[in-house]
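Protein chains in written order, with this note's numbering: chain A, 1 to 114; chain B, 1 to 221. What follows is one structure encoded as structure tokens, with my remarks underneath.
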């Protein structure tokens with residue numbers, strides 16, 4: 001599934017959408033420990049987190065992640081947004097908690113595999 | 001842990017300076033400072049602040065007043081009340097080990113302030129901002145945020161007794177000064193990791209110079 005389709009299905013709010021919206025996503029990873037995301041996330045994953053610190057942009061860039069989805073209605077910090085624009089890292093948010101969003105995303109992605 | 005016992009333990013272990021940093025609170029620092037002062041030990045009053053990113057940050061100050069100003073800002077951004085049955089009592093003691101009160105705030109919570117803004121507030125009060133136990137995954141700066149954020153004006157990174165001093169430089173990727181601290185939560189843990197400073201006086205300004213390695217001051221772990 002393409003990132004833009006996924007964002008549409010989940011009704012995500014766009015914060016920084018300049019970048020590769022047509023990327024075919026490889027799955028998702030949910031974690032708030034950035035060291036853990038650096039170790040275990042995979043290229044073209046979407047990353048579900050409540051961390052809004054600027055370092056999330058660097059981690060997404062480093063791991064070539066498709067996008068970051070902030071949960072619980074969190075918004076990116078000012079510096080985070082600035083750095084995301086520069087690095088063309090796509091950031092969305094949702095009012096939903098990580099569990100609910102992960103469940104919906106899991107369903108969406110498993111449908112695509114059948 | 002009580003103020004007198006902390007002072008006795010520090011004396012027994014021949015420590016000259018103690019940093020006293022309760023979680024999100026400086027309420028006990030004055031008592032420890034008073035009782036340790038009688039034993040010739042200098043106390044830097046402080047707090048171990050849990051920032052919005054759930055990073056533990058040590059704030060050390062010259063005076064009790066500065067530490068209490070920081071506490072006021074922390075309390076203003078810290079939600080919730082302590083549940084004594086779940087988390088135990090948060091005792092406030094005086095220098096004679098008498099219990100003078102209980103803190104009602106939930107001190108294990110995180111403040112709504114970002115790491116960057118807490119560092120700024122500490123510096124505005126002329127304190128030292130040191131990322132706590134960066135070698136620990138739980139609540140350590142590097143575990144939480146992956147690496148030391150660029151442009152964050154920290155004065156030092158602290159490593160815990162878990163990491164041997166010889167390994168420190170290889171394991172922690174940063175140019176910031178590295179200090180070692182015990183992160184003592186129990187009496188017997190006091191002094192299990194220390195940093196030696198070469199100072200004119202036991203003052204925060206002197207420690208800052210030592211961390212920067214200027215004017216003949218220095219430190220070693």
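Here a beta-carbon is modelled for each residue, glycine too, at the ideal position from N, C-alpha and C. Note that the coordinates shown come from a computational prediction; the quantities given were computed from them, not determined experimentally.
- When Cβ pairs closer than 8 Å are counted between the two stretches, the segment 181-197 of chain B is seen to touch the segment 8-16 of chain B, the count reaching three or more.
- Chain A has no Cβ within less than 9 Å of the Cβ of residue 108 of chain B.
- When the beta-carbon positions are compared, residue 57 of chain B and residue 168 of chain B stay at least 9 Å from each other.
- If you look at residue 59 of chain B, you'll find it in the beta strand (DSSP E) that goes 56-60.
- Within chain A, no C-beta atom comes less than 9 Å from the C-beta of residue 139 of chain B; the nearest is roughly 10 Å away.
- Not a single C-beta of chain B is nearer than 9 Å to the C-beta of residue 1 of chain A.
- Closer than 9 Å to the CB of residue 143 of chain B there is at least one CB belonging to chain A.
- Residue nearest to residue 2 of chain B within the set B:208, B:100, B:181 is B:100 (criterion: CA-CA distance).
- Judged by DSSP secondary structure, residue 15 of chain A falls outside any alpha helix (DSSP H) and instead within the beta strand (DSSP E) spanning 13-16.
- Along the segment 14-41 of chain A, the positions whose C-beta sits under 9 Å from a C-beta of chain B are 32, 33, 34, 35, 36, 37, 38, read in chain order.
- In the displayed model, residue 180 of chain B falls within a strand according to three-state DSSP.
- No residue range can be given for residue 33 of chain A, since it is assigned to no alpha helix (DSSP H) and is classified by DSSP as neither H nor E.
- By the criterion of a C-beta distance shorter than 6 Å, residue 19 of chain A is surrounded in its chain by 88, 90, once the five residues flanking it on both sides are discounted.
- Rounded to the nearest whole angstrom, the C-alpha separation of residue 85 of chain A and residue 78 of chain B is 31 Å.
- Proximity of the segment 68-88 of chain B to the segment 19-32 of chain B meets the contact definition, three or more beta-carbon pairs being nearer than 8 Å.
- Residue 52 of chain B counts as buried, since no fewer than 16 other beta carbons sit within 10 angstroms of its beta carbon.
- Close partners of residue 55 of chain A in chain B (Cβ separation under 8 Å): 145, 146, 147, 149.
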